[in-house]
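For the sequence shown, my numbering gives the first residue as 245, with consecutive numbering after it.
Have a look at the structure below before the remarks.
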Amino acid sequence: MVEQGVITGEQLAIALDEQKRSGRKLGGTLIALGFVSEDRLLALLAEQLGVEVVDLSHYRYKPEVVTTIPEQLARRYRVILLDNSPKQSLIGMADPTDL
(Lines of atoms letter the chains of each structure in order from A and count residues from 1; the text may use other names and numbers.)
(Lines give C-alpha, C1' and ligand atoms only; values in the text may rest on other atoms or scores of the structure.)
Protein backbone atom coordinates (compact mmCIF):
# COMPACT_ATOMS: atom_id res chain seq x y z
CA MET A 1 0.00 0.00 0.00
CA VAL A 2 2.97 2.28 0.53
CA GLU A 3 4.21 1.56 -3.01
CA GLN A 4 0.73 2.31 -4.36
CA GLY A 5 0.62 5.63 -2.51
CA VAL A 6 -2.38 4.64 -0.39
CA ILE A 7 -0.53 5.18 2.90
CA THR A 8 2.85 6.64 3.81
CA GLY A 9 5.78 4.76 5.29
CA GLU A 10 5.22 6.69 8.52
CA GLN A 11 1.58 5.60 8.66
CA LEU A 12 2.62 2.00 8.12
CA ALA A 13 5.13 2.22 10.98
CA ILE A 14 2.47 3.69 13.29
CA ALA A 15 -0.01 0.98 12.27
CA LEU A 16 2.53 -1.79 12.84
CA ASP A 17 3.28 -0.46 16.35
CA GLU A 18 -0.44 -0.29 17.12
CA GLN A 19 -0.96 -3.77 15.69
CA LYS A 20 1.66 -5.16 18.09
CA ARG A 21 -0.10 -3.52 21.03
CA SER A 22 -3.64 -4.46 20.06
CA GLY A 23 -3.12 -7.86 18.44
CA ARG A 24 -5.52 -6.78 15.70
CA LYS A 25 -4.85 -7.57 12.04
CA LEU A 26 -3.01 -4.89 10.10
CA GLY A 27 -5.97 -4.07 7.87
CA GLY A 28 -8.26 -3.50 10.85
CA THR A 29 -5.60 -1.36 12.47
CA LEU A 30 -5.19 0.79 9.36
CA ILE A 31 -8.96 1.33 9.27
CA ALA A 32 -9.20 2.07 13.01
CA LEU A 33 -6.44 4.67 12.72
CA GLY A 34 -8.25 6.30 9.79
CA PHE A 35 -5.39 5.73 7.37
CA VAL A 36 -7.57 3.88 4.85
CA SER A 37 -11.29 3.26 4.41
CA GLU A 38 -12.73 -0.23 4.65
CA ASP A 39 -13.94 -0.06 1.04
CA ARG A 40 -10.49 0.96 -0.22
CA LEU A 41 -8.79 -1.77 1.79
CA LEU A 42 -11.25 -4.39 0.50
CA ALA A 43 -10.63 -3.28 -3.08
CA LEU A 44 -6.85 -3.46 -2.62
CA LEU A 45 -6.99 -6.90 -1.00
CA ALA A 46 -9.37 -8.22 -3.65
CA GLU A 47 -7.01 -7.04 -6.39
CA GLN A 48 -3.98 -8.52 -4.64
CA LEU A 49 -5.69 -11.89 -4.03
CA GLY A 50 -7.46 -12.04 -7.39
CA VAL A 51 -10.91 -12.29 -5.84
CA GLU A 52 -14.12 -10.30 -6.15
CA VAL A 53 -15.71 -8.20 -3.41
CA VAL A 54 -19.38 -9.14 -3.01
CA ASP A 55 -21.90 -7.09 -1.01
CA LEU A 56 -23.87 -9.81 0.76
CA SER A 57 -26.57 -7.40 1.94
CA HIS A 58 -28.06 -7.53 -1.58
CA TYR A 59 -27.54 -11.24 -2.14
CA ARG A 60 -30.46 -13.70 -2.30
CA TYR A 61 -29.55 -16.83 -0.36
CA LYS A 62 -30.59 -20.32 -1.39
CA PRO A 63 -31.17 -22.32 1.81
CA GLU A 64 -30.40 -25.64 0.10
CA VAL A 65 -27.01 -24.28 -1.01
CA VAL A 66 -26.07 -22.38 2.16
CA THR A 67 -26.51 -25.45 4.36
CA THR A 68 -24.09 -27.51 2.22
CA ILE A 69 -21.15 -26.35 4.36
CA PRO A 70 -21.51 -27.64 7.94
CA GLU A 71 -22.33 -24.80 10.36
CA GLN A 72 -19.30 -25.42 12.58
CA LEU A 73 -16.94 -25.20 9.60
CA ALA A 74 -18.74 -22.15 8.20
CA ARG A 75 -18.47 -20.33 11.53
CA ARG A 76 -14.83 -21.30 12.07
CA TYR A 77 -13.68 -19.97 8.70
CA ARG A 78 -16.47 -17.37 8.34
CA VAL A 79 -17.50 -18.71 4.94
CA ILE A 80 -20.81 -19.25 3.19
CA LEU A 81 -21.59 -21.15 0.01
CA LEU A 82 -23.55 -18.70 -2.13
CA ASP A 83 -24.03 -20.67 -5.31
CA ASN A 84 -23.16 -24.15 -6.47
CA SER A 85 -23.23 -25.43 -10.03
CA PRO A 86 -21.61 -28.46 -11.67
CA LYS A 87 -18.82 -26.26 -13.08
CA GLN A 88 -18.10 -23.89 -10.19
CA SER A 89 -19.00 -22.82 -6.68
CA LEU A 90 -19.26 -19.27 -5.34
CA ILE A 91 -18.00 -19.00 -1.78
CA GLY A 92 -18.25 -15.85 0.33
CA MET A 93 -15.52 -15.35 2.93
CA ALA A 94 -15.06 -12.69 5.58
CA ASP A 95 -11.28 -13.07 5.27
CA PRO A 96 -9.93 -14.84 2.17
CA THR A 97 -6.44 -14.87 3.69
CA ASP A 98 -7.64 -17.11 6.55
CA LEU A 99 -7.49 -20.51 4.88
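Quick reminder that beta carbons are idealized off the backbone N, C-alpha and C, glycines included.
As the structure is a prediction and not an experimental result, all values here were calculated from the model.
At the level of alpha carbons, what is the spacing between residue i and residue j?
i, j, result
"M245", "S281", "13 Å"
"V323", "K269", "18 Å"
"L277", "K331", "42 Å"
Please state whether DSSP places residue i in a helix, a strand or coil.
i, result
"V298", "coil"
"I313", "coil"
"S333", "strand"
Do you know whose CA, among the options, lies nearest residue i's CA?
i, options, result
"H302", "A259, L326 and T312", "L326"
"S329", "I313, D339 and V309", "V309"
"A259", "F279, E247, G249 and V250", "F279"
"Y321", "D339, Q263 and A257", "D339"
"T273", "L289, D283 and L256", "L256"
"R304", "G336, T252, L317 and A318", "G336"
"S333", "V297, R319 and T312", "T312"
Mind checking which residues open and close the alpha helix (DSSP H) that includes residue i?
i, result
"L277", "Per DSSP, L277 belongs to no alpha helix (DSSP H) and is neither H nor E."
"D342", "It is not in any alpha helix (DSSP H) - D342 carries neither H nor E in the DSSP assignment."
"R284", "E282 to L293"
So residue i is in the beta strand (DSSP E); what residue range does that whole segment cover?
i, result
"I251", "No beta strand (DSSP E) contains I251, which DSSP labels as neither H nor E."
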